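Notes for the one structure printed next.
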Amino acid sequence: MEGKKSIGIQSKKEEDLSKWYEEVCLKSELVEFAKVKGFMVIRPRGYSIWEKIKENFEKIINKPLGVKNAYFPILIPESFFKKESEHAEGFTPEVAWIDKELTKDSERLAIRPTSETIMYNSYSRWIRSYKDLPLKINQWCNIVRWETKATRLFLRTREFLWQEGHNVYETDEECEKETIEIIKRYKKISEDLLGIPVLVGKKSEKEKFAGAKHTYTIEAFMPDGKALQCGTSHNLGQGFAKVFGISFLGRDEKKHFPFQNSWGLSTRLIGGVVMTHSDNSGLVLPPKVAENQLVIIPLIFKGKEKEVLKKSEEVFKSLKKFNPIMDNSEDYSPGYKFSEYELKGIPLRIEIGPRDLEKGVVTLVRRDTKEKSESKIKDLQKEVPKILERIQKDLFLKAKKRMEDSIIKVKTKEEFEEGMKNKKLIKMDWCGKTVCEEKIKDETGATTRCVTFEKKKISGNCPFCSEKAIEEMYFSRSY
RNA sequence: GGGGCUGUGGGGUAGCCUGGUAGCCUUUGACGUUUGGGACGUCACGACCCCGGUUCAAAUCCGGGCAGCCCCA
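The first sequence begins at 1292 in the numbering used here and counts up by one.
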């Protein structure tokens, strides 16, 4: 029943999440460790998830908001990088520099930890008048941040893939409105495509992007009680425009500095999907991000194989749009194949054997619940999409319930500490002060996640510093 | 940043203390018998993380590096 140990997942999600997570990532062939610490090889099965995210992103964000894709260089001259002082200070500890002879005749070059500076240098030439605005540009690229903390597949690697959007607007209102619009669309991608429920809200002063006025975030909550920041949208105000000399002639024929935002989400989301949905049999993927939505396994018996194979072929052809895998190889027993495709996270399995054919049906097995059902062959066109939709929905609802059940509101330090011990996602009315935030981190290990957009009545004083509470903040440990 | 643990074919491991033929399970390839939850047989391929030291001899002992994991800050 347990299967062959060395092939399947050996750790248990509920016992050792971290080991289990690594095993799922590696054994489902999404990814492998690269030679250099903190780097990873994203294999085709993993990259296909990223491609689904990209497709969805283009549809949900770029097309409707009129954002164009472009590409800027990976190397940033030190002088660009240092122009905005808060930005430079924030990123300096994790910038990798090209420090070789290559650059001996010129200035040092940074490998991009984010591309504001190099993009805005171009923007300063591209933007002349209000007629050039809004300017909306996105790039898909890799980023290097030299992490000193422990690295983790997808969740924290020194190199990762992301998109970074950089928009420029005439007015503050326009800029702020779209900064929020984008974080809401990130939520949509996370929840509707990936089935990862998130909180949406505003980051604290301390946690905001270096150089931004303020930052909006989507925050997911992992089974071990740690939050995962899944995407951010920063209102940059006019700070970068001023130092990069981005200005435009306004409708009033006067010179103005425009308002900017930048926003990104990364391959970290893949880690979020794996951790959120997968189980002790391996990867579980929401159907919308699965490259192959189903696998057909004919159950081949001596003497009856012709009919089974013929029907399977028919079913295979009729379900082409789900990009099915057909495994009619005779090298493995059905049980082996079942485990194999469970490990790899194929959302739906169709078994076709002599017993089914006698009844004119096939057997359908959901990857997420392993629940079996039968469907008449002629009903498959209707039945398959219905089950896939149900899987998609159930995965999200299950994750959502888990997150909601983890949230507790606390009013005292003791309750806060108790909540941390129980791996809860804590919300608390607090003072909003950075010094207090640092103290809370020191004492409890928790960092601020965000203040959501919902209007809340705030009462009392901050349990940690006794000053007047001004907002309801979420706290937890984080990745 | 501090501390600890680990590294043997693709995966899981034995051997290391006490130096001397690298053993087992699994995977992979071929053939045959099988096939409703990781089938069986036969044959074959495949490994001591790297660099240095000690030694007649190093997977094993010593030093350094690299990589992964865990705990604490």
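Backbone N, C-alpha and C define an ideal beta-carbon position, used for all residues, glycine too.
From a predicted model like this one, the values you see are computed outputs, not experimental measurements.
Residue i - containing alpha helix (DSSP H), residue span
i, result
"residue 1566", "1559-1568"
"residue 1327", "From DSSP, residue 1327 is part of no alpha helix (DSSP H); its letter is neither H nor E."
"residue 1682", "1671-1697"
Own chain residues within Cβ distance below 8 Å of residue i, not counting five before or after
i, result
"residue 1310", "1302"
First through last residue of the beta strand (DSSP E) which encompasses residue i
i, result
"residue 1446", "Neither: residue 1446 is in no beta strand (DSSP E) and is coded neither H nor E."
"residue 1368", "1366-1368"
"residue 1653", "1652-1657"
"residue 1435", "1426-1435"
"residue 1601", "Looking at the DSSP string, residue 1601 is not in any beta strand (DSSP E); the run it does join, the alpha helix (DSSP H), is 1596-1609."
"residue 1663", "1663-1667"
"residue 1483", "Taken as a continuous stretch (DSSP letters only), residue 1483 belongs to no beta strand (DSSP E), as it is neither H nor E."
"residue 1537", "Looking at the DSSP string, residue 1537 is not in any beta strand (DSSP E), and its letter there is neither H nor E."
"residue 1720", "1716-1721"
Rounded straight-line distance, which links the Cα of residue j to that of residue i
i, j, result
"residue 1613", "residue 1479", "23 Å"
"residue 1692", "residue 1675", "26 Å"
"residue 1387", "residue 1436", "7 Å"
"residue 1428", "residue 1644", "53 Å"
"residue 1547", "residue 1467", "17 Å"
"residue 1733", "residue 1739", "12 Å"
"residue 1471", "residue 1523", "10 Å"
"residue 1696", "residue 1752", "26 Å"
"residue 1735", "residue 1708", "7 Å"
"residue 1552", "residue 1664", "49 Å"
"residue 1537", "residue 1615", "51 Å"
"residue 1682", "residue 1659", "7 Å"
"residue 1670", "residue 1402", "55 Å"
"residue 1503", "residue 1460", "15 Å"
"residue 1560", "residue 1446", "8 Å"
"residue 1294", "residue 1640", "Summary for residue 1294: the model assigns pLDDT 43, below 50, so the residue's position carries little reliability; its value from the coordinates is reported in the next sentence. So the two alpha carbons sit approximately 18 Å from each other."
"residue 1337", "residue 1319", "9 Å"
Identified DSSP bridge partners for residue i
i, result
"residue 1589", "1643"
"residue 1519", "1511"
"residue 1401", "1367, 1388"
"residue 1752", "1759"
"residue 1768", "1517"
Within 9 Å, strictly: CB atoms of residue i and residue j
i, j, result
"residue 1550", "residue 1465", "yes"
"residue 1567", "residue 1485", "yes"
"residue 1679", "residue 1585", "yes"
"residue 1507", "residue 1528", "no"
"residue 1378", "residue 1398", "no"
"residue 1610", "residue 1473", "no"
"residue 1768", "residue 1563", "no"
"residue 1497", "residue 1729", "yes"
"residue 1299", "residue 1630", "yes"
Neighbourhood of residue i by C-beta distance below 7 Å, restricted to the same chain and skipping five residues each side
i, result
"residue 1489", "1478, 1481, 1482, 1509, 1510, 1511, 1521"
Cut-off 6 Å between Cβ atoms - residues of its own chain near residue i, not counting five sequence neighbours on either side
i, result
"residue 1416", "none"
"residue 1723", "1761, 1762"
"residue 1347", "1480, 1484"
"residue 1292", "In this prediction, residue 1292 has a pLDDT of 36, which is less than 50 and means its spatial position is unreliable; what the coordinates show is noted afterwards. Counting only Cβ-Cβ distances below 6 Å, and skipping sequence neighbours, we find nothing."
"residue 1617", "1587, 1607"
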